[in-house]
Amino acid sequence: MTNSSSACFSHFVKTKAVKRLEVLNRETKSSHTGRPGGGAPNSNVRKFYAGLSFGPSSSALVDICEQIIVGRLSRGRDAAFNLHVVHVDAEVDGVNTDADTPSPAEQRLQRWRARYPRFTFERVPLTDVLALDTIDWAALLPPPPSRTEQQDTPQTRHPSTSAELRASLSNLPSATSRRDVLEVLVRRLLISKAASTAEAAPYDALLLGCSTTALAERTLAETAKGRGFSLPWLINDGAVEDGAEHRIAVYYPVRELFRNELILYLNAVAQPPLTEGDFVLVPAPASSAGAVVSHKDLSIEEVMTRYFTEVEANYPSIVANVVRTTAKLERHGHSHNHAHDSDDGAPTGCRVCGMPLDEAGNERWRGEIGHLDGPEGGPRLRVERLCYGCERSIHG
1 MTNSSSACFS HFVKTKAVKR LEVLNRETKS SHTGRPGGGA PNSNVRKFYA GLSFGPSSSA
61 LVDICEQIIV GRLSRGRDAA FNLHVVHVDA EVDGVNTDAD TPSPAEQRLQ RWRARYPRFT
121 FERVPLTDVL ALDTIDWAAL LPPPPSRTEQ QDTPQTRHPS TSAELRASLS NLPSATSRRD
181 VLEVLVRRLL ISKAASTAEA APYDALLLGC STTALAERTL AETAKGRGFS LPWLINDGAV
241 EDGAEHRIAV YYPVRELFRN ELILYLNAVA QPPLTEGDFV LVPAPASSAG AVVSHKDLSI
301 EEVMTRYFTE VEANYPSIVA NVVRTTAKLE RHGHSHNHAH DSDDGAPTGC RVCGMPLDEA
361 GNERWRGEIG HLDGPEGGPR LRVERLCYGC ERSIHG
């Protein structure tokens, strides 16, 4: 790519992201829904929390934010926002046992700190999710054989170590279940970290680097897993709760860019290319459809990735239409404080993923699993209610 074409493509990518950030700026300025305490900011400089998975899309988002700030400063304007980048280290295999040796994720993060000193970077181990009391950890364990054991408090069956968390994930019934629950835990940890910051230093929003392609994959995958009702909260921009009465705006600044466009950006615009120097984990090219004999050992997410890789290459408009259609879905049936909408004040959100439950229940989406009878014909406790997607992931 020549210098002129590289500059044009860089402008195209940044313009797409800037438009989304302008929407975020307007909405948080008018309603302050992104701030945990709802207080009005005293500064024009926003504070954003950004997730970094080291994949192409989230990596490109960090570089795009850097270029936006550099461009503003070069024109004598303020930086517009500060960025705190967080990587959730989902490695729970216990490979790195030496406390003095940085984990592979921390070593990679050090390179990011050196390249982008303007931003702050933090590695958060997945085990931090064990501190969240907004997740019903007992629901992730196999159902107890007796009613007496079922009446145990969730704390008595709460995983507390990396090994116990690893065992809980390993006991899930399928590759799809393990991938699904892992992604749920990462998302809930990110939202909790971003939303529950101290009142003295609140964040305006959580930025997630999901491309058009990634959002299309998630739309079909979540629908197939039984979470169709929660798509407006999972796919669309807007405020969400962490389950502990904190709220944060979650936005996808690169939602109008395809994954291949962001990979091209990493290779041709970011200098030196982020695909060099072990900054980015670039996914291996998916095998052709004809080479796939069985999907038995693949998660639904992996199947969707293979599918949309081919669709994006040949029919990109279809990928875009999936996301645009999903963006029209509205969050009906729940107030902003959807975690406590019931008459008795009990949580009405799913006790694992935190998404709202479909109050119409099994007759439509089977989203209200909690209204089913419990063991021995007794009612299931409201605190144990799961959405249909989590019910299927955990119990098969």
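Going by UniProt numbering, the first residue of the sequence shown is number 1, and it counts up by one from there. Just so you know, even glycine gets a beta-carbon here, dropped at the ideal spot from N, CA and C.
Beta-ladder partner(s) of residue i, from DSSP
{"i": "Tyr49", "result": "His84, Leu206"}
{"i": "Pro356", "result": "Gly349"}
{"i": "Glu122", "result": "Val86"}
{"i": "Val13", "result": "Beta-bridge pairing links Val13 to no other residue."}
{"i": "Tyr251", "result": "Leu207"}
{"i": "Gly238", "result": "Val250"}
Through-space distance from residue j to residue i, alpha-carbon basis
{"i": "Leu185", "j": "Arg115", "result": "29 Å"}
{"i": "Thr161", "j": "Ala131", "result": "10 Å"}
{"i": "Phe229", "j": "Met355", "result": "9 Å"}
{"i": "His336", "j": "Val240", "result": "With a pLDDT of only 46 at His336, under the threshold of 50, the placement of this residue in the model should not be trusted; the figure read from the coordinates follows. Computed Cα separation, rounded: 8 Å."}
{"i": "Leu140", "j": "Ile68", "result": "42 Å"}
{"i": "Cys387", "j": "Asn321", "result": "27 Å"}
{"i": "Gly243", "j": "Val129", "result": "13 Å"}
{"i": "Val323", "j": "Val254", "result": "12 Å"}
{"i": "Ser57", "j": "Val250", "result": "16 Å"}
{"i": "Asp273", "j": "Asn260", "result": "First, the residue type needs correcting, since residue 273 is Pro and not Asp in the sequence shown. The alpha-carbon atoms of Pro273 and Asn260 are separated by roughly 15 Å."}
{"i": "Phe121", "j": "Ala50", "result": "9 Å"}
{"i": "Thr326", "j": "Leu231", "result": "7 Å"}
{"i": "Leu357", "j": "Thr101", "result": "43 Å"}
{"i": "Val86", "j": "Asn3", "result": "32 Å"}
{"i": "Val13", "j": "Arg20", "result": "11 Å"}
{"i": "Gly396", "j": "Gly389", "result": "10 Å"}
{"i": "Gln110", "j": "Val282", "result": "18 Å"}
{"i": "Lys16", "j": "Val303", "result": "28 Å"}
{"i": "Arg351", "j": "Leu73", "result": "45 Å"}
{"i": "Asp78", "j": "Arg113", "result": "22 Å"}
{"i": "His246", "j": "Thr197", "result": "9 Å"}
{"i": "Leu83", "j": "Arg385", "result": "36 Å"}
{"i": "residue 397", "j": "Arg46", "result": "Because the chain spans 1 through 396 in this model, residue 397 falls outside it and cannot be assessed."}
{"i": "Leu65", "j": "Thr219", "result": "One point to set straight first is that residue 65 is Cys, not Leu, in the sequence displayed. The straight-line gap from Cα to Cα measures roughly 26 Å."}
{"i": "Phe54", "j": "Leu208", "result": "12 Å"}
{"i": "Glu27", "j": "Tyr252", "result": "14 Å"}
{"i": "residue 397", "j": "Leu52", "result": "There is no way to answer for residue 397, as the model of the chain reaches only from 1 to 396."}
{"i": "Val70", "j": "Ala167", "result": "46 Å"}
{"i": "Thr134", "j": "Leu264", "result": "40 Å"}
{"i": "Arg227", "j": "Cys210", "result": "18 Å"}
{"i": "Phe9", "j": "Val18", "result": "14 Å"}
{"i": "Asn314", "j": "Ser192", "result": "38 Å"}
{"i": "Ser317", "j": "His158", "result": "46 Å"}
{"i": "Arg75", "j": "Glu183", "result": "40 Å"}
6 Å Cβ shell around residue i - same chain, five flanking residues per side excluded
{"i": "Thr153", "result": "Here the model assigns Thr153 a pLDDT of 47, short of 50, so the residue's position is not dependable, and the following value carries that caveat. For Thr153, where only same-chain residues beyond five positions count, there are no Cβ hits under 6 Å."}
{"i": "Ala270", "result": "Asp63"}
{"i": "Leu329", "result": "Leu231, Pro232"}
{"i": "Ala80", "result": "Arg72"}
{"i": "Tyr203", "result": "Lys47, Tyr49, Ala194, Thr197"}
{"i": "Pro36", "result": "Its pLDDT being 44, under 50, Pro36 is placed unreliably by the model, and the measurement read from it follows with that caveat. If we look at Pro36 and ignore the five residues flanking it on each side, its Cβ neighbours are Ala195, Pro202, His246."}
{"i": "Gly367", "result": "Only weak support exists for where Gly367 lies, its pLDDT of 44 falling under 50; the coordinates are left without a value."}
Proximity to residue i [Cα-Cα], best of the options
{"i": "Leu126", "options": "Pro173, Ala313, Leu190, Ser174", "result": "Leu190"}
{"i": "Thr213", "options": "Arg46, Gln107, Thr309", "result": "Thr309"}
{"i": "Val181", "options": "Lys19, Ala80, Ile300", "result": "Ile300"}
{"i": "Ile235", "options": "Lys47, Glu256, Gly243", "result": "Glu256"}
{"i": "Asn25", "options": "Ile394, Asp128, Ala205, Ala327", "result": "Ala205"}
{"i": "Ala138", "options": "Leu165, Trp112, Val124, Leu264", "result": "Leu165"}
{"i": "Arg331", "options": "Gly238, Ala17, Leu207", "result": "Gly238"}
{"i": "Lys225", "options": "Glu91, Leu329, Arg108, Cys353", "result": "Cys353"}
{"i": "Asp297", "options": "Lys47, Ala175, Arg77", "result": "Ala175"}
{"i": "Ile394", "options": "Ile248, Asp136, Ala80", "result": "Asp136"}
{"i": "Ile248", "options": "Arg227, Leu262, Ser53, Arg187", "result": "Arg187"}
{"i": "Gly277", "options": "Arg108, Cys8, Leu52, Glu183", "result": "Arg108"}
{"i": "Ala163", "options": "Leu262, Glu91, Phe9", "result": "Glu91"}
Cβ-based neighbour list, residue i, same chain, cut-off 8 Å, excluding 5 preceding and 5 following
{"i": "His11", "result": "none"}
{"i": "Val319", "result": "Thr212, Thr213, Ala216, Phe258, Phe308, Val311, Glu312"}
{"i": "Asp89", "result": "Ser103, Ala105, Glu106, Arg123, Val124, Pro125, Leu126"}
{"i": "Ser6", "result": "Ala268, Val269"}
{"i": "Asn44", "result": "Asp78, Ala80"}
{"i": "Thr223", "result": "Leu231"}
Own chain residues within Cβ distance below 7 Å of residue i, not counting five before or after
{"i": "Arg178", "result": "Leu169, Leu172"}
{"i": "Leu266", "result": "Pro56, Ser59, Ala60, Pro273, Leu274, Thr275, Val280"}
{"i": "Arg118", "result": "Glu66, Ile69"}
{"i": "Leu262", "result": "Pro56, Ser57, Ala60, Ser211, Val254"}
Subject >> Uninterrupted alpha helix (DSSP H) stretches inside the segment 151 to 189 (no shorter than 4 residues) >> reply: Scanning the segment 151 to 189 from its first residue to its last, the whole alpha helix (DSSP H) runs of 4-plus residues come out as 162 to 170.
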